[in-house]
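Chemist: In terms of the numbering used here, the sequence shown opens at residue 58 and continues consecutively. Before I ask anything, here is the structure I am working with.
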Amino acid sequence: MKLLVVAATLPEIKPLMSSLGQGEAKDFSTKTLHYHQLSIDTLITGVGLMHTAYFMGKVLAKNTYDLALQFGIAGSFRKDIAPGVTVNVIEETVADLGAEDKDNFLDVTELHLLPPDQFPYQAGKLVNTTADSVYGVSALKKVKGISVNKAHGYQYSIDKIILKYNPDIESMEGAAFFYACFMERLPCLQIRAVSNYIEDRNKDRWNIPLAIGNLNKIALKIIHHITEHL
């Protein structure tokens, strides 16, 4: 079985890679790991939608996979999804692609630049239908995500984005990952651990080490679950 493991930055999956064995470097962004019956390509895309889209396209043009897994950290809009909690992102929206209209924001579907149900969208959203129970993550909380180029850190804009999309978490890469996988009809999961609440920016309240630690525990469990059920 061939897997693609994707992260924006190396630190987000370094504990997982250490557990599986470092593998051979294919180029500056990818490595191949062999673990039991699995062949695992790890892809470090860099931060943001643009970088993720490019490297996902590059890798998927040259390779065929049975499953893609994106692991990363995220900010939480909800107090009941606290730093350290690991979630399964099942829905994505690009929340800053569109146009300003005075104090309002119009996204590409509202601007009639994207048909809301054009494949792979459903009502303007990217909805993951991969059966998570097959991969041992059914116990994780399922959440709605937004992907942005500018992370929220000001209460006024946070209130507006909650009113418009009512998201649970925010990342800078999730929608690009989903879009690439959906277009290639590649089963995928996006698993994220919360590093901070989305509030007025205050890095003293972030806990990235906790998020990365918990994320990689779940990541390793997923890999073990897959190997045990081959």
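Just so it is clear, CB atoms sit at the ideal spot from N, CA and C, and this is done for glycine as well.
According to DSSP, is residue 216 part of a helix, a strand, or is it coil?
Modeler: Three-state result, residue 216: helix.
Chemist: Decide if the stretch 245–254 is in contact with the stretch 136–145; the criterion is three or more beta carbon pairs, one per stretch, under 8 angstroms apart.
Modeler: Taking 8 angstroms as the limit for Cβ pairs, the verdict is that the stretch 136–145 does touch the stretch 245–254.
Chemist: Could you name each continuous beta strand (DSSP E) segment of 3 residues or more that falls completely within the stretch 209–281, going from the start of the chain to the end?
Modeler: Qualifying beta strand (DSSP E) stretches, in chain order: 226–228, 245–254.
Chemist: Report, in whole angstroms, the separation of the C-beta atoms of residue 63 and residue 89, which I expect to be a contact under 8 angstroms.
Modeler: In fact, because the Cβ distance is near 14 angstroms, the residues do not count as touching under 8 angstroms.
Chemist: What's the gap between the Cα of residue 225 and the Cα of residue 168?
Modeler: Rounded to whole angstroms, residue 225 to residue 168 spans 24 angstroms at the Cα level.
Chemist: Go ahead and pull the three-state DSSP assignment for residue 108.
Modeler: Note: residue 108 maps to helix in three-state DSSP.
Chemist: Closer than 8 angstroms by C-beta to residue 195: which residues in its own chain qualify, once you throw out the five before and the five after it? Chain order, please.
Modeler: Closer than 8 angstroms at Cβ, skipping near neighbours: 189.
Chemist: Pick from 287, 274, 204, 92: whose alpha carbon is nearest that of residue 106?
Modeler: Of the listed residues, the one whose Cα sits closest to residue 106 is 204.
Chemist: With which residues is residue 145 paired in a DSSP beta bridge?
Modeler: Paired residue(s): 199, 248.
Chemist: Name the residue from 147, 256, 210 whose alpha carbon lies nearest to the alpha carbon of residue 136.
Modeler: Residue 136 has its Cα closest to that of 256, out of 147, 256, 210.
Chemist: Among the candidates 151, 233, 261, whose CA atom is the shortest distance from the CA of residue 126?
Modeler: Checking every option, the nearest Cα to that of residue 126 belongs to 233.
Chemist: Quick one: what's got a C-beta closer than 7 angstroms to residue 68's C-beta in the same chain, skipping five residues either side?
Modeler: Answer for residue 68: 269, listed in chain order.
Chemist: Mapping the DSSP letters down to three states, classify residue 114 as helix, strand or coil.
Modeler: In this structure, residue 114 counts as helix in the three-state DSSP scheme.
Chemist: Just how far apart, CA to CA, sit residue 148 and residue 124?
Modeler: Those two C-alpha atoms are separated by around 17 angstroms.
Chemist: For residue 150, which of helix, strand or coil comes out of DSSP?
Modeler: Of the three classes helix, strand and coil, the one that applies to residue 150 here is strand, per DSSP.
Chemist: Could you tell me which uninterrupted alpha helix (DSSP H) segments, each at least 4 residues in length, are contained entirely in the stretch 64–100, listed from first to last along the chain?
Modeler: 67–77, all fully within the stretch 64–100.
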